[in-house]
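Here is the structure we will look at.
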Amino acid sequence: GLRQNISFLSKSTLFVYPLLGALVKAFDALPIYLRREDGKWGGPKGDARERNEKTFARCRKLLLDGGKMALFPEGTTHSKPELLPLKTGTARIALGAEAEANWQADVQITPVGLWYEQKTRFRSSVLLVVGQAFSLKDYAASYAADPVQTIDSVTGRIKDSLDRVVLQAENSDLLAAIPLLAAWTAPNGKSISLAEEHQWTVKVLAAFKELRRNNPEKLAAIALRAQHLAATLGRLGISDPWALETPDPRRAKLAPLITFTALSFPFAALGYVMSYLPYRLAGISANAIIGKNKTQVGTFKLVGGILFTLIAWILEARFIAKKIGRKWGALLFAAALPLAYISLLWGEDVIELQRLIAGRWLTRTNRELADLLVAERHALAQEVLDVVEQPQ
Numbered sequence: 001g002l003r004q005n006i007s008f009l010s011k012s013t014l015f016v017y018p019l020l021g022a023l024v025k026a027f028d029a030l031p032i033y034l035r036r037e038d039g040k041w042g043g044p045k046g047d048a049r050e051r052n053e054k055t056f057a058r059c060r061k062l063l064l065d066g067g068k069m070a071l072f073p074e075g076t077t078h079s080k081p082e083l084l085p086l087k088t089g090t091a092r093i094a095l096g097a098e099a100e101a102n103w104q105a106d107v108q109i110t111p112v113g114l115w116y117e118q119k120t121r122f123r124s125s126v127l128l129v130v131g132q133a134f135s136l137k138d139y140a141a142s143y144a145a146d147p148v149q150t151i152d153s154v155t156g157r158i159k160d161s162l163d164r165v166v167l168q169a170e171n172s173d174l175l176a177a178i179p180l181l182a183a184w185t186a187p188n189g190k191s192i193s194l195a196e197e198h199q200w201t202v203k204v205l206a207a208f209k210e211l212r213r214n215n216p217e218k219l220a221a222i223a224l225r226a227q228h229l230a231a232t233l234g235r236l237g238i239s240d241p242w243a244l245e246t247p248d249p250r251r252a253k254l255a256p257l258i259t260f261t262a263l264s265f266p267f268a269a270l271g272y273v274m275s276y277l278p279y280r281l282a283g284i285s286a287n288a289i290i291g292k293n294k295t296q297v298g299t300f301k302l303v304g305g306i307l308f309t310l311i312a313w314i315l316e317a318r319f320i321a322k323k324i325g326r327k328w329g330a331l332l333f334a335a336a337l338p339l340a341y342i343s344l345l346w347g348e349d350v351i352e353l354q355r356l357i358a359g360r361w362l363t364r365t366n367r368e369l370a371d372l373l374v375a376e377r378h379a380l381a382q383e384v385l386d387v388v389e390q391p392q
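With the working numbering as the guide, the letters of the sequence shown map in order to residues 1 to 392.
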């Protein structure tokens, strides 16, 4: 189902900016008009309801034509640890499409949860947790009798479905700490994939919620133990305790990593010279303008990074064209994108090298300390496993 175009709803004010507008249109996005943006450039002019009805009509037609949509029923982006109250738009669109097709369209609603490895880090991994889809045919009679009540009922079912696929916690600190703790204390004594990590995190989070209610002192002790382990590893330059004990397949790539970073260094260096300053400027600007709002920082970094970097490449190419010749300027501009990509890969590989070398260095130069850290991770993992199996 993912190997096809999927349309989104995006706020109307994004469509009026040339670069950002082209980006959202490339994703087949449709405009949604927010009352809080009334009077703004691209926003509604006191007619948000009427404009949104037109958008909803386009959504229904898209579904009836066999299209797919990805909707965020909370109606906004946020980084809160729990789901916000859902808007009724998703249910209205889906039920409306079925009603127009005399309940023969077989519209399916599939709950999907997003779990980010590092939400604000470019190119970090994200896991899609797909739940059980459900049909709307059973709502035909109730929708004919009371559309408003049926829309509320379907919205409630969407909420229940999302609760099963979206990781939630009582507060942001707990939601941030549990995935890290889960990654370090996975059962079976081995490092796990992101999907397996999510499944284990769900179990750990549920157990720790119960532990918070029944035995907060034990929860605090486990948290303190994990913090001490993290601090010790951090001082040693180790970000992942698994590097000390498990045969990581990536360790076999140590020689190729060293070879690639050495051979690609001249190209990566040129890429950094050309692109690093505007890339960093986008991040600095995002933090200065948006602050700590993680829901908007990523978008601003993406758009700002593209814009600032493109401007920098044009200026650099013009400078070289004036100093050396137009052909060299054109060549530099053509090479800018692949050089930037090489520098990006080079930076990621250097970080990976540091991680691998730090673990190997410690195990070879101070085996006793490495064994103590391994034992501490095992003890912490056993403590977490005890909580999961028999929460107290």
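Where is the CB? At the ideal position from N, CA and C, for every residue including glycine.
Item	Value
Extent of the continuous alpha helix (DSSP H) run through isoleucine 93	89-100
The alpha helix (DSSP H) enclosing proline 31, as first and last residue numbers	No alpha helix (DSSP H) contains proline 31, which is instead part of the beta strand (DSSP E) from 30-32.
Rounded C-alpha distance that separates asparagine 398 from threonine 201	No answer is possible for residue 398: the residues shown for the chain start at 1 and end at 392.
Pairwise C-alpha distance: alanine 317 and serine 12	35 Å
Which listed residue (Phe56, Ala207 and Val374) has its alpha carbon closest to that of glutamate 389	Ala207
Lysine 301 classed as buried or exposed, judged by whether at least 16 other C-beta atoms fall within 10 angstroms	buried
For isoleucine 93 and lysine 54, the rounded distance between their alpha carbons	11 Å
Those runs of the beta strand (DSSP E) which lie wholly inside the stretch 112-166 and span at least 3 residues	112-116 and 126-130
For lysine 25: DSSP bridge partner residues	Looking at the DSSP assignment, lysine 25 forms no beta bridge with any residue, so it has no partner.
For tryptophan 184 and tryptophan 242, the rounded distance between their alpha carbons	7 Å
Validate contact between the stretch 307-314 and the stretch 270-286 using beta carbons, cut 8 Å, 3 pairs	yes
Alanine 15 in three-state terms, based on DSSP	Note that residue 15 is phenylalanine in the sequence shown, not alanine. If DSSP states are grouped into helix, strand and coil, phenylalanine 15 belongs with coil.
Whole runs of the alpha helix (DSSP H) within the stretch 208-251, excluding any shorter than 4 residues	216-235
Cut-off 6 Å between Cβ atoms - residues of its own chain near alanine 312, not counting five sequence neighbours on either side	Pro278
Endpoints, beta strand (DSSP E) assigned at alanine 70	68-70
Euclidean distance between Cα positions of aspartate 160 and leucine 83	11 Å
Contact check, valine 129 vs histidine 198, beta carbons under 8 Å	yes
Residue burial classification, glycine 368 (beta-carbon count within 10 angstroms, cutoff 16)	Here the sequence assigns glutamate to residue 368, which means glycine is not the residue at that position. Label assigned to glutamate 368: exposed.
Endpoints, the alpha helix (DSSP H) within which arginine 49 is located	48-64
Euclidean distance between Cα positions of arginine 355 and leucine 380	22 Å
CB of serine 142 within 8 Å of CB of glutamine 108, strictly	no
Top-ranked residue by Cα proximity to tryptophan 346, from Asp371, Leu233 and Phe260	Phe260
C-alpha gap between alanine 335 and leucine 19, whole angstroms	22 Å
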